[in-house]
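Participant:
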Amino acid sequence: MMYRFMTIVLAVLALIQAPALRAQDGPLRIEITEGVIEPLPFAVPDFIAESSAANELARNIARVVAADLSGTGLFREIPADAFISPVTSFSSPVQFADWKAINAQALVTGAVNVDADGKVTAKFRLWDVFAGQELGNGLQFSGTQDGWRRIAHKIADQVYSRITGETGYFDTRVAFVAESGPKGQRAKRLAIMDYDGANVKYLTDSSSLVLAPRFSPTGDRVLYTSYESGFPRVYMLDIASVSRRILESQDGTMSFAPRFAPNGRTVVYSLIRGGNTDIYKMDIGTGQSTRLTSAPSIETAPSVSPDGSQIVFESDRSGSKQIYVMSADGGEARRISKGDGQYGTPVWSPRGDLVAFTKQSKRRFHIGVMRTDGSEERLLTASFLDEGPTWAPNGRVIMFTRETQGEQGQSRLYSVDITGRNLQQVSTPGGASDPSWSPLQ
Amino acid sequence: MTRIVKRGSPMSKTFLSKAFILGAGLTLAACTSPDRFGSDSAVDLNNSAGSVAGSVSDPTSPAYFEQAVGDRVLFPVDQHTLTNAAQSTLDAQAEWLLTNSDYDALIEGHADEQGTREYNLALGARRANSVHEYLVSRGVPASRLRVVSYGKERPLESCSTESCYVQNRRAVTIISIGAGV
């Protein structure tokens, strides 16, 4: 029973500890370990419509599943015009020979029903074509018609997860700053959208400058900085109700760069008093704040480790901008950035193994990752201005802001995987900056 | 009570202030924006294009403060220390504020686009604070002064070269009557 050995190995830094699940007998599997190889060819025929009301959704859901998988760079879709046999029923046997003939190594089949109440139910099966068997069990997801894209993303997350062994990141959202207007008078609004750019919704109007939204660990709130009061201050907004409240309003101060700790109750941020910027934390239940750094230098961009024990942040205490780690209670910090150039905006990965950062070197900006002790630094991008990384919840992809230069310069969102592969622009209605990736919903 | 309308944004800054800054001997490589100002920008000191109230010929007017005294100081890359030229400008600002005690001032700190948003916000605050401390050292009551940082959010000039950056690394003193701070 030797099926062809199908392992697609990807260039993830040698430092990534991939699950040691290398196949012995060649089941459908992408090993996210090291080295760059071909994306895995797959097919997603239109899903079967089980009622006439489901005709359009049956096609659209299949398209979104395919787009999610292709968008990772790990998979390559085989177009429908190459298909030999149609899939006419969800329950009829799969003609494996026809899919082998076009080298579709993975096949996703599905069916969609819309019931009398308008509830959408989509079920799917994932097939390992060359093994001639199903990979995992069929599953179904239900939701409203408006929520059909989420159903598609959930199916794609399942497929991704079964083939890579990693958690998916498709049923997620991105909070960001939508930008319009000329460079010197940029209008900025808080916005939220699906990770793939669909379903954009605005959370604030453009009457006040807003910066850098950050999701809560539960994905229901965002922290951000607004000039609503005339001064930069940290606010918290409930996404469902779009209601907001100011978190830090000490007179004569400014506050910014907020981020939730993993417990969702503590917020770390920067407070400026008398021209000096330090890091504070606040219990959002009691409003009580604690100062964590006290140096005449700039301390900003704090990010708490997933276990809540440490904070990585940016400081210019050495005379240049570098990245440091300290206890979540403050105290002595150790510098982790070691290379040439200047470092900022460190963000702890959801897995806890890496810190993503912005690096400024020789008039270029880079997004990079390093281990939490600063070793094995790797730059993933380079441009006139890249900044502000945010992690996909599975720690495999980073989204960031890229701004082009000159009078007509504009900001857009890009994503790149942590191997530095698959750099792509994220669809947004116009200019966009400061992305924050939600947890998996 | 008269209330001076604060400019909506630095973009509404007229050519006049720049002309003055140049005239004041600060060595600036002005990043000209012909499309914005036109090639025939006649310097009419009595027409400040809705920028600030008053005539520049009236030494008690905001227009005079902005254009004759000089409302801004510039900083080297990543620096917040005041140059000699900046100190001269701030000496004049302090003198004006002490003479015209009805006015309060908001000091805006800015950075150029080379740097992260967070760091630049902190850097702009340092610059604004440098101005604040200097004005206080010259006798202006701290109660009449407030500071804000815009980081790199409000560049005055939009090109991506040093000729623009030099003008964006600034602290601007914006005066208003009875701001009630």
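In order, the protein sequences belong to chains A and B. Numbering-wise (our numbering), the first sequence opens with residue 70 and increments by one. Numbering-wise (our numbering), the second sequence opens with residue 37 and increments by one. All C-beta atoms, glycine included, are put in the ideal place defined by N, C-alpha and C. Quick caveat: nothing in here was measured; it's all calculated off a predicted structure.
Are the C-beta of residue 249 of chain A and some C-beta of chain B separated by less than 8 Å?
Facilitator: no
Participant: Hey, could you find the ends of the alpha helix (DSSP H) residue 198 of chain B is sitting in?
Facilitator: 198-204
Participant: Could you name the residues of the stretch 145-173 of chain B whose beta carbon sits closer than 9 Å to any beta carbon of chain A, in the order they occur along the chain?
Facilitator: 145, 149, 150, 151, 152, 153, 154, 155, 157, 158, 159, 161, 162, 163, 164, 165, 166, 168, 169
Participant: Nearest chain B C-beta to residue 439 of chain A closer than 8 Å, yes or no?
Facilitator: Chain B contact via Cβ: absent.
Participant: So, at 8 Å on beta carbons, what are the nonlocal neighbours of residue 500 of chain A in its own chain, with the 5 sequence-adjacent residues on each side left out?
Facilitator: 247, 248, 249, 255, 479, 480, 481
Participant: Given that residue 97 of chain B touches chain A, what residues does it touch there, using C-beta distances under 9 Å?
Facilitator: Within chain A, no residue comes near residue 97 of chain B; the closest Cβ sits about 24 Å away, beyond 9 Å.
Participant: My output table needs one value for residue 116 of chain B: the three-state DSSP class, helix, strand or coil.
Facilitator: coil
Participant: Report buried or exposed for residue 450 of chain A, applying the criterion of at least 16 other Cβ atoms within 10 angstroms of its Cβ.
Facilitator: buried
Participant: For residue 170 of chain B versus residue 133 of chain B, is the C-beta distance shorter than 8 Å?
Facilitator: no
Participant: Could you spell out the range, first to last residue, of the alpha helix (DSSP H) harbouring residue 463 of chain A?
Facilitator: Note, residue 463 of chain A: premise wrong, no alpha helix (DSSP H); not H, not E.
Participant: Taking buried to mean at least 16 other C-beta atoms within 10 Å of its own C-beta, is residue 135 of chain B buried or exposed?
Facilitator: Residue environment analysis places residue 135 of chain B among the exposed positions, since fewer than 16 neighbouring C-beta atoms fall within 10 angstroms of its C-beta.
Participant: Roughly how many whole angstroms lie between the Cα atoms of residue 374 of chain A and residue 268 of chain A?
Facilitator: If I take the Cα positions, the gap works out to 31 Å.
Participant: At 9 Å on the CB atoms, spell out the chain A contacts of residue 192 of chain B, in chain order.
Facilitator: When 9 Å is used as the limit between beta carbons, residue 192 of chain B is near these residues of chain A: 253, in chain order.
Participant: For the candidate residues B:104, B:160, B:100, B:91, whose alpha-carbon lies nearest to that of residue 116 of chain B?
Facilitator: For residue 116 of chain B, the nearest C-alpha among the options comes from B:160.
Participant: From residue 201 of chain B to residue 103 of chain B, what distance separates their C-alpha atoms?
Facilitator: 21 Å
Participant: Using 8 Å as the limit for Cβ to Cβ distance, is residue 189 of chain B near chain A?
Facilitator: yes
Participant: Report the residues of the stretch 307-321 of chain A with a CB closer than 9 Å to any CB of chain B, ordered along the chain.
Facilitator: 321
Participant: Which residues of chain B have a Cβ atom closer than 7 Å to the Cβ of residue 478 of chain A, listed in chain order?
Facilitator: 196
Participant: Let's test the definition: count the other Cβ atoms within 10 Å of the Cβ of residue 148 of chain A and tell me whether it reaches 16, buried, or not, exposed.
Facilitator: exposed
Participant: Beta-carbon within less than 8 Å of residue 409 of chain A's beta-carbon, same chain only, minus the 5 sequence neighbours each way: which residues are those?
Facilitator: 430
Participant: Where does residue 113 of chain B land, buried or exposed, given buried means 16+ other C-beta within 10 angstroms?
Facilitator: exposed
Participant: Could you check the C-alpha separation between residue 448 of chain A and residue 509 of chain A for me, to the nearest Å?
Facilitator: 26 Å
Participant: Taking 8 Å as the CB-CB limit, is residue 353 of chain A close to chain B?
Facilitator: no
Participant: Please classify residue 414 of chain A: is it buried, with 16 or more other beta-carbons within 10 angstroms of its beta-carbon, or exposed?
Facilitator: buried
Participant: Between residue 283 of chain A and the rest of its own chain, which residues show a CB-CB distance below 8 Å, the 5 nearest in sequence each way excluded?
Facilitator: 244, 291, 292, 293, 327, 328, 329, 505
Participant: Do residue 207 of chain B and residue 144 of chain B have their C-beta atoms closer together than 8 Å?
Facilitator: yes
Participant: At 3 residues or longer, and completely inside the stretch 149-224 of chain A: list those beta strand (DSSP E) runs for me, N to C.
Facilitator: 175-183, 189-197, 208-212
Participant: What's the gap between the Cα of residue 199 of chain A and the Cα of residue 98 of chain A?
Facilitator: Rounded to whole angstroms, residue 199 of chain A to residue 98 of chain A spans 12 Å at the Cα level.
Participant: Measuring only the C-alpha atoms, how far is residue 168 of chain A from residue 239 of chain A?
Facilitator: 26 Å
Participant: Hey, quick one: how far does the beta strand (DSSP E) through residue 247 of chain A stretch, first residue to last?
Facilitator: Run containing residue 247 of chain A: 242-249, per the beta strand (DSSP E) assignment.
Participant: Any residues in the stretch 324-348 of chain A with a beta carbon nearer than 8 Å to a beta carbon of chain B? Which ones, in chain order?
Facilitator: 325, 326, 339, 341, 343, 344, 345, 346
Participant: Quick one: is residue 154 of chain B buried, meaning 16 or more other Cβ sit within 10 Å of its Cβ, or exposed?
Facilitator: When all chains shown are included, residue 154 of chain B counts as buried.
Participant: Is the beta carbon of residue 454 of chain A sitting closer than 8 Å to the one on residue 440 of chain A?
Facilitator: Not a contact, by the Cβ cut-off of 8 Å.
Participant: CA-CA distance, residue 367 of chain A and residue 162 of chain B?
Facilitator: 9 Å
Participant: Does residue 490 of chain A come out as helix, strand or coil in the three-state DSSP assignment?
Facilitator: coil
Participant: Is residue 397 of chain A helix, strand or coil by DSSP?
Facilitator: coil
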